[in-house]
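Residue numbers (my numbering), protein chains in the order written: chain L, 252 to 557; chain X, 5 to 555. Every residue, glycine too, gets a C-beta built ideally from N, C-alpha and C. Model, not experiment: these values are computed from the prediction. Here the structure is laid out as structure tokens; the discussion comes afterwards.
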């Protein structure tokens, strides 16, 4: 197991390096001048050219990349052109909010997905089952921006139960979490339903019932842990994706996470910030995937990594 | 079953129902609540905090660096310059005790400072601080986007080129007197000294904070920046030792960052926000504008801005004058204003209506598609030609570009629309021989200061017709350049303005652009915030926070 983890970490490092090179090249290939974005639309061409020189943007691309890497290894990820703040501190100051939203979103997904999935599996092809699956289709299709605005309007303005956007106060997480988790939640229900149906028809479940175990014990203690694997996979993917920043929901709600930062960076061709947010997301995705794979071994003792 | 248990369960449900009803009533839908008329006070009162919503965070509060119309009003809260504007476009002294003494035919400006103006860290402002501030803007290491405005100071070019540390044209005569010598007479120097780049900064704080000065600004201004949580909020509080009496009225201003315009509007309507920092979202605009409840909460103003369609004079067939003039006659400008839901006024010339030097008697090219088609044929294109219109990809700009496409098709020109993201559009448009037509909507020219020279030098002069410049028509007329240079030195105001009217008529005769409209903006505020129209929408400062008050 130890050598497995070491191998995975080395591969992860390679992936991150590859991502950094591709992102760096892409950011420079985009026909946009970061010096112009910094200087604003009214600065003269000559001023912009001088600023370009000062920013070191006229150096050859490999030189700029190696300079970036050597500083990054010392923890200096550069300064955002547009925000005029160090990239790393900008990302780290926003990361707790992204974590909060990611965790809250997943909690909503599980709170919706697990009960709905179990119930749909216990009464297949009933109105409950069809209703849940129909909602799954709607939930996955509903654009998060629209959903977010509808939630804000209904529960923040018409019935002012929750705050109207921003991260102010303990209840401000609720609406963004629902916007994040609603679509995924009904999708989890669908996943769990299929998995449960399979598991409920296995021999050991029938044995359990024959032994006289109550319905609840069979479902929750025996069927669910075996059926939960696809959800764990999806959860891992979701967590990795969410932690990198949920751009749309963060923008609608004004939730100050990394996603909002990444979006602004891209529209401004703010290369240091683009590099920072992309690398940050890449590292998280790779690490969370490793953790998820290790989690399988914990949940299912039959799985062994060599 | 035990009877007592049953009763308890029953009572629990009843309590829950009662609680539910009470909760529903407590958070009753807004439709049920009455909207009372706001009580307005007649004269300013002191106190209150104004909260304003913005989608994007400010880039910086460093006056040497901030160069957009979000930073500028905020910098004006924390800093002051030697000069400022009154409620209109007249220059008045601010940190200077009076307007400067001008000598040597308009080449030398001598400023005397007020005594006792203090930075927010307690230290008095002296002439040394003025010299330091301007030299800092010129220093290439500062990376100031506004350094070019100060090149008219003698010796400034050497500082910008890294050959000198200070400009020899900036002299400190004594503790409260500073003298500027220009390379040649230029009456716009007063406008330049009233710009944000010339707001006075304390040397010791800049040295201590370094690159972080923009996030920990210390100036002389009416408000102190107390707290900046990046991406969330910025808090300003009243400066109790401000050198001008009576202002500001507000106890503080708070910016809430990250509010999408739709959400900011909801907050304002529910009373949780005092003012919108971004425009009213397009989808809600007409409803808000026409709602009688919001009549005294909207301030409408024509921006000192012109949106135009550039015709690349260096690319065929736009190098042909008749082609450019024909296109000028083919564009339906009224339709563009309709697409903007009325948030614009038709433009027929380069300058916007509120700019000194605007020519009220000039009518520009008439909208006459038949004449346009004839002129196009005379130019040698009876069957038209194919071309592209580059445009910003943010609504409504692509729809406006499609309107032009429709107009051009009517005279035989087949134009395809190319929508691009902002940074990319700017890059392409400022590359020579790349973009035949550019609709500048969303990236149009907004004044730096209220002087007609500002619409020539940066966007129509030969010096700006280069890679990376904003002269997207790549228009270059040396004779007009010489005229513009001469006009900068004319001290006789009416002769000067007459000269600009003639200059811009000459530009329009060559038709490098189709001037389409001047943007109209609406500021929306809550009924508790008061001020004159020019306090909400000042020509130069936009939100003039020190003049606003709350009831």
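By a C-beta neighbour count over all protein chains shown, 10 Å radius and 16 as the cutoff for buried, is residue 367 of chain X buried or exposed? Using a 10 angstroms sphere on the CB of residue 367 of chain X, the tally of other CB atoms stays under 16, which defines it as exposed.
Tell me the residue span of the beta strand (DSSP E) that contains residue 174 of chain X. From DSSP, the beta strand (DSSP E) with residue 174 of chain X extends over 174–178.
What are the residues of the region 534–548 of chain L that lie near chain X, defined by any Cβ-Cβ distance shorter than 9 Å? Within the region 534–548 of chain L, no residue has a Cβ that lies closer than 9 Å to any Cβ of chain X.
Tell whether a beta-carbon distance below 8 Å holds between residue 132 of chain X and residue 163 of chain X. Not closer than 8 Å, so no.
Between the Cα of residue 237 of chain X and the Cα atoms of X/215, X/224, X/281 and X/194, which residue gives the shortest distance? Ranking X/215, X/224, X/281 and X/194 by Cα distance to residue 237 of chain X puts X/281 first.
Residue-level contact to chain B via CB, residue 78 of chain X, 8 Å cutoff: The structure shown has no chain B; the protein chains it does contain are L and X.
Segment contact, 8 Å Cβ cut-off, at least three pairs: the region 299–313 of chain X with the region 519–538 of chain X: In the pairwise beta carbon analysis, the region 299–313 of chain X is classified as touching the region 519–538 of chain X: at least three pairs are separated by under 8 Å.
As assigned by DSSP and simplified to three states, the class of residue 526 of chain X: In this structure, residue 526 of chain X counts as strand in the three-state DSSP scheme.
Residue 501 of chain L to residue 220 of chain X, Cα distance in whole Å? Cα-Cα distance, rounded: 26 Å.
Using a Cβ-Cβ distance under 8 Å, would residue 535 of chain X count as near chain L? No - not a single Cβ of chain L is within 8 Å of the one on residue 535 of chain X.
Return the CA-CA distance between residue 294 of chain X and residue 260 of chain X, expressed in angstroms with no decimal places. Approximately 27 Å between the Cα atoms of the pair.
Nearest to residue 301 of chain X (by Cα), restricted to the options X/544, X/528 and X/351: Of all alpha-carbon atoms in X/544, X/528 and X/351, the one lying nearest the alpha-carbon of residue 301 of chain X is that of X/528.
Hey, is residue 293 of chain L's beta-carbon within less than 8 Å of any beta-carbon in chain X? So, interface residue.
Cutoff 8 Å; reference residue 494 of chain X; Cβ partners in own chain excluding five residues on either side: Within the same chain, residue 494 of chain X has close Cβ partners 191, 500 and 503.
What are the boundary residues of the alpha helix (DSSP H) that includes residue 276 of chain X? Residue 276 of chain X: not part of any alpha helix (DSSP H); DSSP gives it neither H nor E.
Could you name the residues of the region 312–338 of chain L whose beta carbon sits closer than 8 Å to any beta carbon of chain X, in the order they occur along the chain? Only 330, 333, 334, 335 and 336 from the region 312–338 of chain L bring a Cβ to less than 8 Å from some Cβ of chain X.
Among L/324, L/288 and L/284, whose alpha-carbon lies nearest the alpha-carbon of residue 309 of chain L? The candidate whose alpha carbon is nearest that of residue 309 of chain L is L/284.
Close Cβ partners of residue 551 of chain X (< 6 Å) along its chain, the five nearest in sequence each way excluded: Counting only Cβ-Cβ distances below 6 Å, and skipping sequence neighbours, we find 535 and 539.
For the 8 Å Cβ check, are there 3 or more pairs between the region 436–446 of chain X and the region 167–175 of chain X? Short answer: they don't touch.
Return the first residue and the last residue of the alpha helix (DSSP H) that residue 272 of chain L is part of. Run containing residue 272 of chain L: 253–280, per the alpha helix (DSSP H) assignment.
Using the rule of at least 16 other Cβ atoms within 10 Å of the residue's Cβ for burial, across every protein chain shown, is residue 537 of chain L buried or exposed? Counting other Cβ atoms within 10 Å of its Cβ, residue 537 of chain L reaches 16 or more and is therefore classed as buried.
Any beta carbon of chain L sitting closer than 8 Å to that of residue 71 of chain X? Chain L contact via Cβ: present.
When DSSP builds the beta bridges, which residues end up paired with residue 107 of chain X? Beta-bridge annotation (DSSP): residue 107 of chain X is paired with X/112.
Residue environment, residue 411 of chain X, which counts as buried when at least 16 other CB atoms sit within 10 Å: Taking all protein chains in view, the Cβ of residue 411 of chain X is crowded by 16 or more other Cβ atoms within 10 Å, so the residue is classified as buried.
As a quick exercise: from X/275, X/72, X/63 and X/265, pick the residue whose alpha carbon is nearest that of residue 3 of chain X. The structure shown does not extend to residue 3 of chain X, since chain X spans only 5 to 555, so no value can be given for it.
Would DSSP call residue 447 of chain X helix, strand or coil? DSSP, reduced to helix, strand and coil, places residue 447 of chain X outside both helices and strands of the structure shown, so it counts as coil.
Can you give me the C-alpha to C-alpha distance between residue 382 of chain X and residue 326 of chain X, rounded to a whole angstrom? When rounded, the distance between both Cα atoms is 8 Å.
With 8 Å set as the bound, which would you pick, yes or no: does the beta-carbon of residue 278 of chain L sit closer than that to a beta-carbon of chain X? So, not an interface residue.
Kindly say whether residue 512 of chain L, judged by its beta-carbon, lies nearer than 8 Å to any beta-carbon of chain X. Proximity of residue 512 of chain L to chain X, defined by a Cβ-Cβ separation below 8 Å, is satisfied.
Candidates L/533, L/506, L/367 and L/400: closest to residue 267 of chain X by CA position: Nearest of L/533, L/506, L/367 and L/400 to residue 267 of chain X, Cα basis: L/400.
Residue burial classification, residue 437 of chain X (beta-carbon count within 10 angstroms, cutoff 16): Flag for residue 437 of chain X reads exposed.
Residue range of the unbroken alpha helix (DSSP H) whose run includes residue 418 of chain X: For residue 418 of chain X, no alpha helix (DSSP H) run applies; the uninterrupted beta strand (DSSP E) run containing it begins and ends at 418–424, by DSSP.
Would you be able to state if there are at least three C-beta pairs under 8 Å between the region 339–357 of chain L and the region 510–520 of chain L? Verdict: yes, contact present.
Compute the beta-carbon to beta-carbon distance between residue 355 of chain X and residue 508 of chain X, rounded to the nearest angstrom, for a pair I have assumed lies under 8 Å. With a beta-carbon spacing of about 6 Å, residue 355 of chain X and residue 508 of chain X fall inside the 8 Å limit used to define contacts.
Looking at the C-beta of residue 344 of chain L, does it have a partner C-beta in chain X at a distance below 8 Å? Interface residue, yes.
Between the beta-carbon of residue 518 of chain L and the beta-carbon of residue 473 of chain X, is there less than 8 Å? No, the pair does not count as a contact, with Cβ atoms beyond the cut-off.
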